[in-house]
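Residue numbers for the sequence shown follow our numbering, beginning at 13 and rising by one. Where a beta carbon is used, it is the ideal one built from N, C-alpha and C, also for glycine. Since this is a predicted model, take the numbers as computed values, not measurements. Note sheet for the following structure.
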Amino acid sequence: MERITAGWRMADQAGNGADGEPTTLIQPEPGKTLFETIEQSGLPDSQTFVIDRSGVVFAMLNIYPYTSGHVMVLPRRAVASLADLTDEEYRQLWSLVRVAATAVEQAFQPHGLNIGLNQGVAGGASQPEHLHVHVVPRWSADTNFITSVADTRILPLTLQDAWERIRDVWPLSDHPDSDPA
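Right under this line is the structure:
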């Protein structure tokens, strides 16, 4: 049996994302969720991988992605379930999911997308206190068991490269809270 060692990709290596590249290590502030802390940090979007802020929602890259280009869409306000969203948050969340799906398709040309959310710990949510929708590009040949049997993911792009690709095609021309290009 051949073995692939990619220890630099391990998620528990402090300060590194799944691609092994340094990320901004942010700990949740008291009284805030991790995602609220990231979105409100004041750090450049290129460090936090925030893609867009639109009204009461925002989009960002997952720093431990299933595949390159894995985007998350979240309400700015932390809520644990869909039932906790206001009508406006619900409308804007799903509207931005559509924008994210289109941008991921343009940036990565996947064969398909997984779009969904994990609500509650039993539902698979790693951050159950802050609902988020995943937009994950998928390719016909990307199904394998390496993640299951080797605790390893193969990512062809760094998080920075994936963030830049998505930002380059994001349909909003104005990113008021982000780094100047």
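Q.
To the nearest angstrom, how far is the alpha carbon of M84 from that of A112?
A. In the sequence shown, counting from the first residue as 1, residue 84 sits at position 72. In the sequence shown, counting from the first residue as 1, residue 112 sits at position 100. Approximately 8 Å between the Cα atoms of the pair.
Q: Along the beta strand (DSSP E) that carries R65, what are the first and last residues, could you check?
A: Here residue 65 is taken as the residue at index 53 of the sequence shown, counted from 1. Its beta strand (DSSP E) spans residues 62-66.
Q. Under a three-way DSSP split, which group does S86 fall into?
A. For the purposes of this step, residue 86 is identified with residue 74 of the sequence shown, where counting begins at 1. It should be noted that the sequence gives Leu, not Ser, for residue 86. L86: strand per DSSP, three-state reduction.
Q. F70 to L108, Cα distance in whole Å?
A. Here residue 70 corresponds to residue number 58 of the sequence shown, with the count starting at 1. Here residue 108 corresponds to residue number 96 of the sequence shown, with the count starting at 1. If I take the Cα positions, the gap works out to 8 Å.
Q: Please confirm whether A78 and V148 have their CB atoms less than 7 Å apart.
A: For the purposes of this step, residue 78 is taken as the residue at position 66 of the sequence shown. For the purposes of this step, residue 148 is taken as the residue at position 136 of the sequence shown. The sequence given here has Tyr at residue 78, not Ala. Cβ distance < 7 Å, so Y78 and V148 count as in contact.
(Q) Can you give me the C-alpha to C-alpha distance between D64 and A153, rounded to a whole angstrom? (A) Counted from its first residue, the sequence shown places residue 64 at position 52. Counted from its first residue, the sequence shown places residue 153 at position 141. Going from the Cα of D64 to the Cα of A153 covers about 30 Å.
Q. What's the C-alpha gap between E141 and Y102?
A. Numbered from 1 along the sequence shown, position 129 holds the residue referred to as residue 141. Numbered from 1 along the sequence shown, position 90 holds the residue referred to as residue 102. The alpha-carbon atoms of E141 and Y102 are separated by roughly 16 Å.
Q) Under 7 Å, do Q131 and S93 count as touching if we go by C-beta distance? A) Working through the sequence shown from its first residue, we reach residue 131 at position 119. Working through the sequence shown from its first residue, we reach residue 93 at position 81. Yes, the Cβ-Cβ distance between Q131 and S93 is below 7 Å.
(Q) Looking at the secondary structure, which residues open and close the alpha helix (DSSP H) in which L46 lies? (A) Numbered from 1 along the sequence shown, position 34 holds the residue referred to as residue 46. Element bounds for L46: 46-51.
Q.
To the nearest angstrom, how far is the alpha carbon of A174 from that of S58?
A. As a position in the sequence shown, residue 174 is number 162, starting the count at 1. As a position in the sequence shown, residue 58 is number 46, starting the count at 1. Taking the straight line from one Cα to the other gives about 11 Å.
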